[in-house]
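Chains as they are written, first to last, in the working numbering: chain A, 1 to 183; chain B, 1001 to 1725; chain C, 2001 to 2319. Data block below; observations after.
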Amino acid sequence: MSTHSKRYALVIDSKKCIDCKACVVACRAENGVPLTKSRNWINEEHRGTWPKLLAAFEPEQCHHCADPACVRVCPTGASYQRADGVVVIDDVQCIGCRYCVIACPYDARFFREDRGVVEKCDLCARRIDRGDMPACVETCPSKVRVFGDLNDPDGKLTELLEKREYRVKKPEAGTGPQIYYLI
Amino acid sequence: MNRRRFLKFSAGGAAGAAALATSAAYFAPFQKKQAIASGLQEIPTTCEMCVNKCSVIAVVNNGVIQKLNPNPENPRSRGMVCARGNAGLQEVYDSARLKRPLIRVGARGEGKWRPATWDEAFDFAAQKLSAVKEKFGPQGSLWSSSESFQEVFFQNLGLSFGSPNTVRHATLCLASVNLAYSATFGTVPSFDLLNSKYIIMSGANRLESFITPDTMDLVGSTTDRKARLIYLDPRFTVTASKADEWYPIKPGTDLAFILAMLNVIVGENRYDKEFVATYTTGFEQLADHIKQYTPEWAEKETEIPAKDIARVAREFSDAAPRAVYYAGRRSSWYQNDFQMRRAQAILNAIVGNWDRQGGMVPNAHVELGEYLFLPWDDPAAPRVDELDKNFPLAAKGDGAYLKLRENVLAGTPYPVKAWMIHKQDPMNALPDQAKTIRMLGQMDFVGVIDIQMSDTAWYADVVFPESSYLERQDPVGVLPGIWPVVVYRQPVIKPIHDTKTTLEIVQGLAKRLNLSQYFDYTIDQWVDAQVKTLPLDIPLEHLKKHGTYFPSGFPKYGTTLTPDHRFVTKSGKIELFSERLQETNYEPLPVYHPPAQPTAGKFRLILGRKAYFTHANTTNNPWLNSFAPENRLWLHPSSAQSVGVADGDRVEVTSSAGSIRIKVAVKQEIRPDCAFMLHGFGKRSKWQRLVADVGASDAQLLETSWDKVSGNAALHETFVKVVRV
Amino acid sequence: MKTIEWGLLIVNYLFLGGLSAGLFFVSALATYLRNREDTKDSRIARLGALMAPWPVMLGCLLLVFDLGHWYRAYKLYLHFRWMSPMSIGSWLLVAFTLVSLLYCFAWLEEPQRNQLFAFVPTRLNFLHTFNSDLSRYRRQLAAIGFPISIGVGIYTGVLLGAVQSRPFWNTNLVAQLFLFSALSTGSAALIIALLWGRKTIEFEEIRLLYTLDICFLTLEFFVVLPYIIHGKLSVQAVQDSLKLILGGPFTLVFWVFFLGLGLLVPLAIETWEVLPTLWSKASVHFNKVWAATAALLVLMGGFLLRYIFVYAGQMSAFK
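Shown next as structure tokens:
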């Protein structure tokens, strides 16, 4: 049993994404997300003219940044980062000022009018704490997302990131995003 | 932490990436998870949001289902739950669910109901059925149903009632492909996409329209395992976007493409000679027959360049036996569908991919026991669709739905005046809705069993609310295939409304129809009889705990590859040339007949699915509806221009069957000679709140047309006129 | 999911906070600038002091009602998070409100104080001990409040500017822009207050306000220019975000209503007003209508600046 500190992250192989929306519905069910909002989503790109066409799909959610802007701007400390890197919201401390929603470069947060607080992906903290996968990771038919510990030298993420080329989104926003998109 | 972008090739990395997936390695990631938090129950059961029957684990808190998680123990669900599987709890907790029996009080289709007790509903239905039986005989009743674990009880009620007229969904779906492969191999195989290196798909939009193991395997094969995917479709679908090569084939000409591939493979001696000699019959006739179908000829038919057809044929035969021409699910396209599927079967046969890893594999089964109930006499009357005369090769119990409707409407050979419908929505499932309404209209009695107020239920006299799949126990099911598994559906919660299972409904009716003796058993007895043959200590306990049973030793390849193996065909061999077809006056080898093409100003209406909608059934599920709240008519920009419409404009779409009004979506992703719309919208049932009068129903436009051999509906033979309104 | 989270309540709050800061700043400045020997109170200092606390308190009320849970606003004061502009700002606002209230109280004359304390119910008689004359502390209170008022004025800009994910905001110039705009709205509000009063307006009073306002507006103008120039010379995301005002939904409101009518036109009017004083000992032109017009336009400009920045900023993003 290694004693390193954990750093949870996602590796996403967008080429495998078929836009089936299973992750979106699984998240909705797991986290009780209201119908008009979503903690995760699939970006679509459609280009070209018939018959030279392209369609690409890319799932996205909170990037659980190394230096999260949302955590920095939160006036009450309701948004915080756990030792394992997961950025979470303590919805008792959240006053609903929505500064974090504005501060997130990925628009990964949303305000829940019905509860008066801000919400976002927490990598299904409840699930991962009991050893399960986040709902979106587990349910995915084509296994687009890989969840794991970046600090585990023998982990799946380490292996993938050593073998494959990857990119992160909007690194210029300076928050150190931790979703790695395989190229 | 330094995570600079870099590329590191480990020694042999390229070879490693190309390594073939074995099933053990493939399923390793889906480990059993730890016990869930206290207070919550985890109950394994089987999904029923589509027909794939994935294993799911329901997380239940105090009698309320919170989440449906994938059950990694079933290899056939590949450790996943798709969008609609996840949305299953909405089906249970939908406020518009059928909550109690209803008896119609207004006119048919008016939507006026009165709640009834079960006794009232049973008495009412039994009295009507008995009246029809008295006047028109038992054959005056029609029993239609779609595939589900309790369908058997419903069918048995119809048969014991004395009616020969059971009709299932096959001829709206895959009858042609089933029949074509049966005619060739004596069975319908599965395709080992997990291990294929070269996959050709005609239209079967497997990455977008339906999530089954084949979908997941196809994704893995085309990405991690570097298989090649050649895809033909008049639309640029998700599958097209992931394919290595996509050809926007001229609709209805797939047969020409396949025949030209055969021409190249046979002409260039690229077929598996040993396999052909040992296991097949009729190769000489085939070789002669396909000489006429050159790639150059096919180019004119399909609009796919001859050199590409020839190259694909060569690559396909080079990759064999790890190469498949995929058959697909819904094969209700054209009037020549049977012959097109048979040409695929023949092509697969001559490259020797039969029963080989990465090829086609005959389905393995798990034997279950049977509950022995009291038998009844076979129905005396012939079927109303006159299957023996019209479609002598077709599967008897499935019927031929469209021919059946024609005969019922015409009253030939005898009148049918009562229609019992089990979890089927003929209003949307059948083309030409006006005819279906007429057929409903001429019934003395219509009874529907469903969980929601479908368009068909909307036109019924009595509606029996069924318990949802998460509220009931079903007979144990076997999913035959490369990975044969047993799946079990147990209730994860008690019924939340005054609903019953199909067996209970059948028994309630049987009692009043004096047929009780044939249904004198409980679901527990039925299940016990089924599971007792399983090689497990306490089979039922195992199924209750695991939800599924996967026997060891699979997949198995090559079990039929012994020279003395007898295929279930007339000759005992794989029949490239079919004498059986010749005897029944069908073409013994696939002959190409050019399909009709739309005249100027008209478009061919083509159909397709999104995997979050199961036919017309889940468009009203709010979680799923949100992804496509309204359907639109896809038109290519040049078509839209010729019609004089822009994106979002409303148009009137007209065929000989009817007309609809719908908004236009101008899309690059469709051939200019086609129009496309999503299924399951424009509902008539007002209880389908999200889709009632939203968008339009394709069933109102589609014309009645079927495949000559199988009787399968031909749903792509309708040409429509589009006018701005 | 791109949404506009901060709407008109926040725009108003930012405007009102800035207005209070400007009022206090000008009042404090007027207090300092007086000769120690001058026994007559400065009317500008007094008006500024009396007006300063109220806009910011109203603004804070709006802010609290913009929260998802208004009653959770107290949680802001259970934490101090130095990396969060909002946390710093909420502490600043409290400090500013307290100081400006005290300062206001210090400017009350005795009859006014007595009138105020007449509202105190007899049960709470002990409160009357607070009814004391603080007028001798005016300069000290002004000195304490002076940096805090600048802090409040600049904070409203920092709140936006410190958000790295919104390229439209993410420059220090926004802070300066908001500060100068805040100060100019303060002096403009005082011009209106003077015009409102029945007493005749003295030459020195109006000249001071005009001079300050011209000064603030000019400073503001020379922050707007570099804001655009820097933006155009910045990274792609910032260049793209500038399209919102250089050819996008906010072009008209920015150029015509904010920069033109809200900044340059009042600047021109006020300059014209004080022009005679440059050449001779002549008085300002002093046209009441022009003065009121200029002051109202400055207030409008200050409001629109916040409107444009709050909305356009939220619409800007990295690609």
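Using N, Cα and C, we set each Cβ at its ideal position, and we do this for glycine too. Computed from a predicted structure; not experimentally measured.
Quick check on the burial criterion: 16 or more other C-beta atoms within 10 angstroms. Buried or exposed for A:GLU30?
As a position in the first sequence, residue 30 of chain A is number 30, starting the count at 1. By the 10 Å Cβ count, A:GLU30 comes out buried.
How would you write the range of the beta strand (DSSP E) that B:ALA1675 sits in, first residue to last?
Indexing the second sequence from 1 puts residue 1675 of chain B at position 675. Counting along the chain, the beta strand (DSSP E) containing B:ALA1675 begins and ends at 1674–1678.
Thinking C:ALA2096 and C:VAL2056 are a contact (beta carbons under 8 angstroms), I'd like their distance in whole angstroms, please.
The residue you call residue 2096 of chain C lines up with position 96 of the third sequence. The residue you call residue 2056 of chain C lines up with position 56 of the third sequence. Here residue 2096 of chain C is Phe; the residue named in the question, Ala, does not match the sequence. Confirmed, about 7 angstroms.
Okay, do the stretch 1131–1144 of chain B and the stretch 1346–1356 of chain B touch, 3+ Cβ pairs below 8 angstroms being the bar?
no
For the stretch 1369–1380 of chain B and the stretch 2008–2026 of chain C, state whether three or more C-beta atom pairs, one from each stretch, are separated by less than 8 angstroms.
no
How is the beta strand (DSSP E) around B:THR1045 delimited, first residue to last?
Within the second sequence, numbered from 1, the residue matching residue 1045 of chain B stands at position 45. Segment 1040–1046, the beta strand (DSSP E) holding B:THR1045.
Classify C:ASP2213 as buried or exposed, calling it buried when 16 or more other Cβ atoms lie within 10 Å of its own Cβ.
Here the question's residue 2213 of chain C lines up with position 213 in the third sequence. It is buried - the Cβ of C:ASP2213 has at least 16 other Cβ atoms within 10 Å.
Which class does B:PRO1622 belong to by DSSP, given the choice of helix, strand or coil?
The residue given as residue 1622 of chain B occupies position 622 in the second sequence. B:PRO1622 falls in the helix class under three-state DSSP.
Sequence-distant residues of its chain with Cβ nearer than 6 angstroms to A:ASP91 (five each side left out):
Position 91 of the first sequence, counted from the start, is the residue given in the question as residue 91 of chain A. Hits under 6 angstroms: VAL117.
Excluding the five sequence neighbours on either side, which residues of its own chain have a C-beta within less than 6 angstroms of the C-beta of C:PHE2303, listed in chain order?
Along the third sequence, read from residue 1 onward, the residue named residue 2303 of chain C stands at position 303. Here the set comprises PHE2015.
Give the single residue among C:ILE2044, C:ASN2287, C:TYR2227 and C:PRO2053 whose Cα lies nearest to the Cα of C:TRP2272.
The residue given as residue 2272 of chain C occupies position 272 in the third sequence. For C:TRP2272, the nearest C-alpha among the options comes from C:ASN2287.
Report the residue from B:PRO1321, B:ARG1330, B:LYS1721 and B:ASN1061 whose alpha carbon sits nearest the alpha carbon of B:LYS1197.
Along the second sequence, one-based indexing puts residue 1197 of chain B at 197. Of B:PRO1321, B:ARG1330, B:LYS1721 and B:ASN1061, the residue nearest in Cα terms is B:PRO1321.
Let me see if you follow: with CB-CB separation under 8 angstroms, is B:THR1223 close to chain A or not?
In the second sequence, counting from the first residue as 1, residue 1223 of chain B sits at position 223. It does; some Cβ of chain A falls within 8 angstroms.
Every unbroken alpha helix (DSSP H) within the stretch 1610–1663 of chain B, with a cutoff of 4 residues, ordered by chain:
1622–1625 and 1637–1643
With 8 angstroms set as the bound, which would you pick, yes or no: does the beta-carbon of A:GLY99 sit closer than that to a beta-carbon of chain C?
As a first step, residue 99 of chain A is located in the first sequence; it is residue number 99 there, counting from the start. Per the sequence shown, the amino acid found at residue 99 of chain A is Tyr instead of Gly. It does: the Cβ of A:TYR99 has a partner Cβ on chain C nearer than 8 angstroms.
Chain C contact for A:ALA26 (CB, 8 angstroms cutoff):
As a position in the first sequence, residue 26 of chain A is number 26, starting the count at 1. Output row for A:ALA26: interface = no.
Chain C beta carbons: is any one of them nearer than 8 angstroms to that of A:GLU172?
Sequence index remark: in the first sequence, residue 172 of chain A carries index 172 (1-based). With 8 angstroms as the cut-off, A:GLU172 counts as an interface residue toward chain C.
Is the distance from the Cβ of B:ILE1103 to the Cβ of B:ALA1121 below 8 angstroms?
Residue mapping note: residue 1103 of chain B aligns to position 103 of the second sequence, counting from 1. Residue mapping note: residue 1121 of chain B aligns to position 121 of the second sequence, counting from 1. Yes, Cβ-Cβ distance for B:ILE1103 and B:ALA1121 is below 8 angstroms.
Judging by CA-CA distance, which residue of B:GLU1073, B:LEU1040 and B:ASN1069 is the nearest neighbour of B:VAL1060?
As a first step, residue 1060 of chain B is located in the second sequence; it is residue number 60 there, counting from the start. If we check each option's Cα against that of B:VAL1060, B:LEU1040 comes out closest.
What are the boundary residues of the beta strand (DSSP E) that includes C:MET2315?
On the third sequence, position 315 is the one that residue 2315 of chain C refers to. Unbroken run through C:MET2315 is the alpha helix (DSSP H), 2288–2315; no beta strand (DSSP E).
Taking the C-alpha atoms as reference points, what is the distance between B:LEU1509 and B:ASP1377?
Locating residue 1509 of chain B in the second sequence gives position 509, counting from the first residue. Locating residue 1377 of chain B in the second sequence gives position 377, counting from the first residue. Their backbone Cα atoms lie some 19 angstroms apart in a straight line.
What does DSSP give as the partner residues of A:LYS52 in its beta bridges?
For this step, residue 52 of chain A is matched to residue 52 along the first sequence. A:LYS52 is bridged to A:THR49.
Excluding five sequence neighbours on each side, which residues of the same chain lie with their C-beta closer than 6 angstroms to the C-beta of B:GLN1292?
Walking along the second sequence from the start, residue 1292 of chain B turns up at place 292. Cβ within range, chain order: n/a, list empty.
At what residues does the alpha helix (DSSP H) containing A:LEU160 begin and finish?
Taking the first residue of the first sequence as 1, we reach residue 160 of chain A at position 160. That run of the alpha helix (DSSP H) goes 156–163.
Stretch pair the stretch 95–109 of chain A + the stretch 2164–2172 of chain C: three plus CB contacts closer than 8 angstroms
yes
So for B:GLU1367, helix, strand or coil by DSSP?
Taking the second sequence and counting its residues from 1, the one referred to as residue 1367 of chain B is at position 367. Three-state DSSP puts B:GLU1367 in coil, outside helix and strand.
Could you tell me the distance, in whole angstroms, from the CA atom of B:TYR1414 to the CA atom of B:ARG1438?
As a first step, residue 1414 of chain B must be located in the second sequence, where it is residue number 414. As a first step, residue 1438 of chain B must be located in the second sequence, where it is residue number 438. Distance between the alpha carbons of B:TYR1414 and B:ARG1438: 17 angstroms.
Rounded to whole angstroms, what's the CA-CA distance from B:THR1619 to B:GLN1433? Just pull it up for me.
To locate residue 1619 of chain B, count along the second sequence from 1; it is residue 619. To locate residue 1433 of chain B, count along the second sequence from 1; it is residue 433. For B:THR1619 and B:GLN1433, the distance between alpha carbons rounds to 18 angstroms.
The stretch 1452–1476 of chain B: positions lying closer than 8 angstroms to chain A by Cβ
none
So A:GLY96 contacts chain C; which residues on that side make the cut at Cβ distance below 8 angstroms?
Position 96 of the first sequence, counted from the start, is the residue given in the question as residue 96 of chain A. Within 8 angstroms Cβ-Cβ: LEU2067, GLY2068, HIS2069 and ARG2072.
Put B:MET1216 into one of helix, strand or coil per three-state DSSP.
Start at 1 with the first residue of the second sequence, and residue 1216 of chain B comes out as number 216. Reduced to three states, the DSSP call for B:MET1216 is helix.
Tell me the rounded alpha-carbon separation between A:VAL213 and B:LEU1479.
Nothing in the structure corresponds to residue 213 of chain A, since chain A is present only between 1 and 183.
On the DSSP bridge list, what partners appear for B:VAL1056?
Within the second sequence, numbered from 1, the residue matching residue 1056 of chain B stands at position 56. Answer by DSSP bridge pairing, in chain order: B:THR1045 and B:PRO1070.
Whose CA, out of B:PHE1603, B:ASN1621 and B:ARG1689, lies closest to the CA of B:SER1655?
Taking the first residue of the second sequence as 1, we reach residue 1655 of chain B at position 655. Here the closest residue by C-alpha is B:PHE1603.
Below 8 angstroms between beta carbons is the criterion; list the residues of the stretch 12–36 of chain A that meet it against any residue of chain C, in chain order.
none
From A:GLU60 to B:PRO1382, what does the alpha carbon distance come to, in whole angstroms?
Taking the first sequence and counting its residues from 1, the one referred to as residue 60 of chain A is at position 60. Taking the second sequence and counting its residues from 1, the one referred to as residue 1382 of chain B is at position 382. About 58 angstroms.
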